[in-house]
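Reading through the structure tokens given below for one structure.
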Amino acid sequence: LTGDEAAAGRYIEARLSKFAKDILFNDRLTVWASSYDNRKREPVHFPAKFPILLAQGVEGIAVGLACKILPHNFNELIDACIEVLRGNPFTLMPDFPTGAIMDASDYNDGLRGGKVRVRARIEESKKKGILRISEIPFGTTSGALIDSILSANEKGKIKIAKVEDMTAEKIEILVHLVPGTESAEMIPALYVFTDCEVSISPNAVVIRDDKPAFMSVSELLKHSAEQTKDLLRRELEMRLGDLEEKWHFSSLEKIFIEKRIYRSIEECTTWEAVMAAIWKGLKPWLKLLRREVTDDDVKALTEIKIKRISKFNSFEADEFLRGLEDQIDVTKGYLAQLTRYTINWFKDLKKKYGADRQRRTEIATFDRVAASAAAVATETLYIQRAEGYMGYGLKRGGEPLFKCSRLDDVIVFLEDGSVRVSRVSEKAFFGPNPMYVSLFNREATTVYTLFYRDGSRGRLYAKRFTIGGITRDTVYDLTKGSKGSKVLYFAAHPTEADSNTLQVVVHLQPAPRLRKLEIDVNLADIAVKNRSAQGIVVAETTVKRVSRRR
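In this note's numbering, the protein residues as written are 728 to 1277.
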């Protein structure tokens, strides 16, 4: 959780847990290899009766084979294995030990090209002005998360007072906000500009039959479920073999003692004579046994101690054999219904170990927050009108315009009919005496109205337009491009409907035989077009000024 490094390997002791012994360790099923000096045996791999790879997750790098398999929930893996054995469909989603909130809409079953987005759980504290982070995204630590918050604060992307790390057994990070900052504004900003939200791209690559294989999470789970079924079959077959071997020798021992065959070897003086005497005594009873008797079986009879023979009880021996026969029948029944046995085995495993393994990560769907939309207005934009400079670093000698963030765009209109959109910066030159400056939103429906004179003494044109697509730091000419063109009237309205209500008066310069010195223009009569439109001709003569009708 904290990112602190573990102790050195020489100080760490490990042992197999009870769960590990149940699902991993089986000496007779394990494939062993000799150690480097042939003094010990080492497992090539453990026979896993559980999808450990999907439970723990794994990450590794290799040329073209970078692997990232996300962890999944213990109980959900067992439920999915049961559905596989029943032949039913299933859905499996990651579950992280750090909790948090996950959008797995594009998980793609863990294959390359998929991704999941994970957000920290951020809540408003009982104390005003404090945000509490109680769960963090998978792959991050409390220390790394705090560093990302402090870095974003230094870069001006967010504005906070301080961060407190109260993490102990559980995550608890307190983010103190600057007075006046709303929590509803800061939480999206933390998701955008810090590690409070991360995107994880899984890529399931495994070694199968000594070769790398790209497999989906569903395929891995199906393989694991079938492998568990096969391992349980082998365990049952070994148990059945052990029971039948035990029944065979117990029956042989009963015959040896009950029929007093041991007495026939009392006078034998050689090993060959002993073996022959026992074989002769057993011959009438061999048909009662389930397999052939070998010399090793006969040899084992000679190793029975006198104490065992003297305390032999025929009734107890019969009861013991009947118990073995019952166990043999039960084991054969399990093998006959292996799928049902495997399902019950998974259910018992869940009942035994799954009580405290509830899902920790909440599955949700959340929209992507644009950086510009989440940016907190931590800066003030200043302008030096006469010099034509603008930026948040011009506090001395600059006129404050409005609050903004460093990710905002600003649009500037000049009197020569040019327009430019640029990212807010510390200081930038736009041109002296701009007639209109505002924050620019590409998705806004702002309608601009422009009355301009074409050239130094040309016609008066009027146009209504929207900006639409535009390239940052590129100067666009809104007039016909004639030298000496000048904007005589400019207005900006949030919508076309607001613009339609405006009426404009064009005041003409007095001239001989010019009777009407004013022209009324209803903006609703001018169609809204794109910024490259030239507009309509309003007046052919010299215009004195253009004003809004009061």
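C-beta: ideal position from N, C-alpha, C; glycine also.
These numbers were taken from a predicted model, which means no experiment stands behind them.
Can you tell which of the options has the C-alpha that lies nearest to the C-alpha of residue i?
i, options, result
"arginine 1147", "Leu1128, Phe976, Asp1200 and Ala1266", "Asp1200"
"arginine 846", "Tyr763, Thr921 and Leu751", "Thr921"
"glutamine 1230", "Thr1176, Thr894 and Thr1222", "Thr1176"
"arginine 1087", "Gly1196, Val1139, Asp1045 and Glu862", "Glu862"
"glutamate 1019", "Leu979, Thr997, Glu1030 and Glu994", "Leu979"
"tyrosine 834", "Ala1091, Lys1210, Ile779 and Ile805", "Ala1091"
"arginine 1277", "Thr1228, Ser910 and Arg1240", "Thr1228"
"valine 919", "Ala1266, Asp1094 and Glu1089", "Asp1094"
"lysine 854", "Leu904, Ile914 and Asp1252", "Leu904"
"alanine 827", "Cys794, Val1103, Arg813 and Arg859", "Arg859"
"threonine 1206", "Thr1198, Thr1222 and Tyr1188", "Tyr1188"
"phenylalanine 1192", "Asp1181, Ala1260, Gly784 and Val1202", "Ala1260"
"lysine 1154", "Thr1172, Gly1124 and Arg1169", "Gly1124"
"phenylalanine 1042", "Glu994, Ile984 and Leu1009", "Ile984"
"methionine 913", "Glu1126, Arg960 and Gly856", "Gly856"
"isoleucine 810", "Arg1275, Leu1141, Lys1074 and Phe1167", "A small correction: the amino acid at residue 810 is glutamate; isoleucine does not occupy that position in the sequence shown. Comparing Cα positions, the closest option is Lys1074."
"leucine 743", "Cys923, Phe773, Gly883 and Ala1082", "Phe773"
"glutamate 1142", "Gly1050, Ser1165, Glu1126 and Arg1180", "Arg1180"
"glutamate 1114", "Leu948, Thr1021, Glu1046 and Phe1157", "Phe1157"
Cα separation between residue i and residue j?
i, j, result
"leucine 1028", "tryptophan 974", "14 Å"
"aspartate 822", "histidine 799", "5 Å"
"glutamate 769", "aspartate 1024", "33 Å"
"leucine 756", "isoleucine 992", "41 Å"
"asparagine 1071", "leucine 1065", "10 Å"
"tyrosine 1119", "glutamate 1106", "6 Å"
"lysine 1271", "aspartate 1247", "14 Å"
"serine 869", "isoleucine 900", "8 Å"
"isoleucine 1253", "aspartate 1225", "13 Å"
"phenylalanine 777", "asparagine 930", "21 Å"
"serine 762", "valine 785", "26 Å"
"glutamine 1085", "alanine 782", "13 Å"
"leucine 872", "leucine 1062", "53 Å"
"glutamate 1223", "serine 1145", "22 Å"
"aspartate 957", "isoleucine 796", "24 Å"
Look up residue i in the DSSP assignment and give the residues it is bridged to.
i, result
"phenylalanine 1217", "Leu1177"
"cysteine 794", "Gly787"
"arginine 846", "Ile828 and Glu924"
"proline 864", "Beta-bridge pairing links proline 864 to no other residue."
"asparagine 880", "For asparagine 880, which the question treats as bridged, DSSP gives no partner whatsoever."
"lysine 1256", "Phe1192"
"glutamate 851", "Leu858"
In three-state DSSP terms, what is residue i?
i, result
"isoleucine 739", "coil"
"aspartate 1204", "strand"
"asparagine 800", "coil"
"isoleucine 885", "coil"
"serine 1041", "helix"
"threonine 1069", "helix"
"asparagine 930", "strand"
"leucine 756", "coil"
"alanine 1063", "helix"
"valine 1139", "strand"
"serine 761", "strand"
"aspartate 1094", "coil"
"isoleucine 1031", "coil"
"valine 890", "strand"
"alanine 734", "coil"
"glutamate 896", "coil"
"alanine 1155", "strand"
"arginine 990", "helix"
Could you confirm whether any beta carbon from chain B is found closer than 8 Å to the beta carbon of residue i?
i, result
"leucine 1134", "The structure shown has no chain B; it contains just one protein chain."
What residue does the beta strand (DSSP E) around residue i start on, and which one ends it?
i, result
"arginine 1147", "1145-1150"
"lysine 1271", "1270-1275"
"phenylalanine 1167", "1163-1167"
"threonine 1107", "1106-1111"
"glutamate 1267", "Counting along the chain, glutamate 1267 falls outside any beta strand (DSSP E), and DSSP gives it neither H nor E."
"methionine 1117", "1116-1118"
"leucine 901", "900-904"
"leucine 1128", "1126-1131"
"leucine 1187", "1187-1193"
"aspartate 1247", "1245-1249"
"phenylalanine 746", "That residue, phenylalanine 746, is in no beta strand (DSSP E); its alpha helix (DSSP H) goes 745-750."
"lysine 938", "938-941"
"glutamate 769", "768-772"
Could you spell out where the alpha helix (DSSP H) holding residue i opens and where it closes?
i, result
"valine 919", "910-920"
"glutamine 1230", "Element bounds for glutamine 1230: not the alpha helix (DSSP H) but the beta strand (DSSP E), 1230-1235."
"tryptophan 974", "944-985"
"valine 1001", "998-1009"
"asparagine 1227", "1223-1227"
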